[in-house]
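The structure appears below as C-alpha cells.
Numbering (the numbering used here), first residue to last: 5 to 428.
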C-alpha cells in the first residue's frame, strides 16, 4: 500500500475524489499492473490536491482511502482479473499527462474519462478471427514447425479464435474458454494430421493456444512477488496457474478423444535452429497481437518491433550466455527499449513490453518443456513447471532491472512517475 501525505484535504464527494475512484476502476479494467496503477493514482491525487491518499490494488479488489487519519474515508471497488487493453491504456496515459500538466480540472478529467470508457476500441469480428489464425500460423515456426505446421496452426488458430470471440459475447462463459480451446486445439491438430497434412499435432496445438497462455499474468505475478506486492502477486500467480491448468485439462481431453478415434499420431521432430523465418514469424505475430491485445492500429509498428526484438535478443542471449540468462537479457532489452519509447512518446512502456513477453514465454521455455507440461507427463512435467517459473522470474527481473539501469533523462516524460509531484 502506498500513500500521499501532503496537500489540502478535499471533502467527500468532490470531483477529484470521484475521478480517482473512476480512474482506479478504468485503469484496472485496462490491465495496468498493480505497481503502475497505484503510482498513477497517487500521482493524480497529488496533482489534484487530495490529501493522505492510500491505494491498495489486487486483481479482484481496489481499495482507496483519502483524508487524514481522524477523518479518513475509505472506498472499495470490486473488480475482476483484467485482460490487457493497450488502446485504453494509451488513452488513460494521455489523460494522466493532461492532468499532471494542469490542462484539465477534476471535472474536465471526469468528462474525458467517461468518454474513454464509452468508446472502447472495436474491430469487426472477422478481423479478430483472422488475428487468432495469424498468431497460430506465425508462432508455429518459432516452436520448431515447418510449412505444414504453419498452415495447420492457422486453421486451428481460427477455431480457437471462434471459441474466444463467441465466449466474449456470452455471459459467464469466460471460465470455460481455456479448457474448451484446449480440447478444440488438440483434437483439431490430431484430426488435421490424420487427414493427410504431415504436421506435428503437438506443435500445432501449442501454437494455436499461445494467445491464451497466461504468460503476461504469470510474469506480472512473479514481478509483484519480487517487489513485495505479496497479495496482488499471489492472486495474479494463482489466476495464471488456474488458466494454465484449464488449458492442460482441455489438451488432455482433446488428446484422449483423438487418440481413441484416430490412434497414435506421428510426431514430427521440431526444428530448433534459428533462421530468418523466425524473424518474419515474429513480425506476423506482432500484427496478430495488435488485434488480440486491443492495441491501436498505429501501434502495429511497435508491437511488431517488440516481437522481433524478443526473438533476436533471446536467440543471441541464448547463444552467448545460455537459456535462462538469454531470457533475462531479452527481457532486459525489451524493458529498456520500452522505457525509452515510453519516455519519448509519453506513453506507458506496456505497449512495447507486452507483445515481447508473449513471444518470450513459449519461445524461451523451449518446445519440449512447455509441451510436457501441457501433455501431463508427470516426471517431466515437474521439471517443466520449474523451468516455467524460472523463465517467468528471468523475464520479471529483466523488466525490473531495465527501469533501474536507464538514466532518468531517458525515461523523462513516461507516465510512470520517477517522483511524485508536489500538489498545487
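Even glycine gets a Cβ: it sits at the ideal position worked out from N, Cα and C.
For residue i, does the three-state DSSP call read helix, strand or coil?
i: residue 57; result: coil
i: residue 10; result: The predicted position of residue 10 is uncertain, since its pLDDT is 45 and thus under 50; a value taken from the coordinates is nonetheless stated next. Coil at residue 10, not helix or strand.
i: residue 82; result: strand
i: residue 29; result: helix
i: residue 298; result: coil
i: residue 77; result: strand
i: residue 88; result: coil
i: residue 18; result: coil
i: residue 69; result: strand
i: residue 359; result: helix
i: residue 401; result: helix
i: residue 44; result: helix
i: residue 351; result: coil
i: residue 62; result: coil
i: residue 35; result: coil
i: residue 321; result: helix
i: residue 279; result: coil
i: residue 342; result: helix
i: residue 326; result: coil
i: residue 24; result: helix
i: residue 267; result: coil
Tell me which same chain residues have a C-beta within less than 8 angstroms of the C-beta of residue i, skipping the five on either side of it?
i: residue 183; result: 250, 251, 253, 254 and 257
i: residue 179; result: 250
i: residue 129; result: 169
i: residue 457; result: Nothing can be reported for residue 457, as the shown portion of the chain is limited to 5 through 428.
Name the residue from the options whose alpha carbon lies nearest to the alpha carbon of residue i.
i: residue 241; options: 235, 248 and 225; result: 225
i: residue 162; options: 211, 227 and 319; result: 211
i: residue 202; options: 160, 179 and 153; result: 153
i: residue 287; options: 297, 299 and 309; result: 309
i: residue 40; options: 108, 227, 129 and 300; result: 227
i: residue 281; options: 146, 195 and 25; result: 146
i: residue 327; options: 391, 193 and 110; result: 391
i: residue 21; options: 46, 32 and 34; result: 46
i: residue 355; options: 96, 59, 68 and 27; result: 96
i: residue 261; options: 311, 313 and 195; result: 195
i: residue 80; options: 100, 283, 108 and 24; result: 24
i: residue 77; options: 112, 18 and 325; result: 18
i: residue 317; options: 402, 103, 236 and 106; result: 402
i: residue 353; options: 83, 167, 139 and 98; result: 98
Can you name, in chain order, every residue of its own chain whose Cβ lies under 7 angstroms from the Cβ of residue i, other than the five neighbours on each side?
i: residue 406; result: 336, 339, 340 and 343
i: residue 127; result: 295
i: residue 222; result: 241, 244 and 396
i: residue 428; result: Reliability fails at residue 428, whose pLDDT of 34 lies under 50, so the model's placement of it is uncertain and no value is given.
i: residue 399; result: 223, 331, 335, 361 and 364
Leaving out five residues on either side along the sequence, give the residues of the same chain with a beta carbon under 6 angstroms from the beta carbon of residue i.
i: residue 198; result: 266
i: residue 300; result: 91
i: residue 208; result: 153, 156, 157, 160 and 193
i: residue 69; result: 58, 76 and 78
i: residue 311; result: 286, 289, 290, 359 and 363
i: residue 94; result: 351
i: residue 150; result: none
- Tell me, please, whether the region 202-216 touches the region 130-141 by the rule of three or more beta-carbon pairs shorter than 8 angstroms. yes
- Message: Which runs of the alpha helix (DSSP H) at least 4 residues long sit entirely within the region 95-182? Give them in chain order.
- Response: 110-122, 129-146 and 151-172
- So, do the region 187-203 and the region 354-364 have three or more beta carbon pairs nearer to each other than 8 angstroms? no
- Message: Suppose only complete runs of 4+ residues qualify. What are the alpha helix (DSSP H) ranges in the region 178-228, listed by chain order?
- Response: Counting only runs of 4 or more, we get 181-198 and 205-213.
- Any 3 or more C-beta pairs closer than 8 angstroms across the region 55-63 and the region 18-35: A contact between stretches requires three or more CB pairs, one per stretch, nearer than 8 angstroms, and the region 55-63 meets this requirement with the region 18-35.
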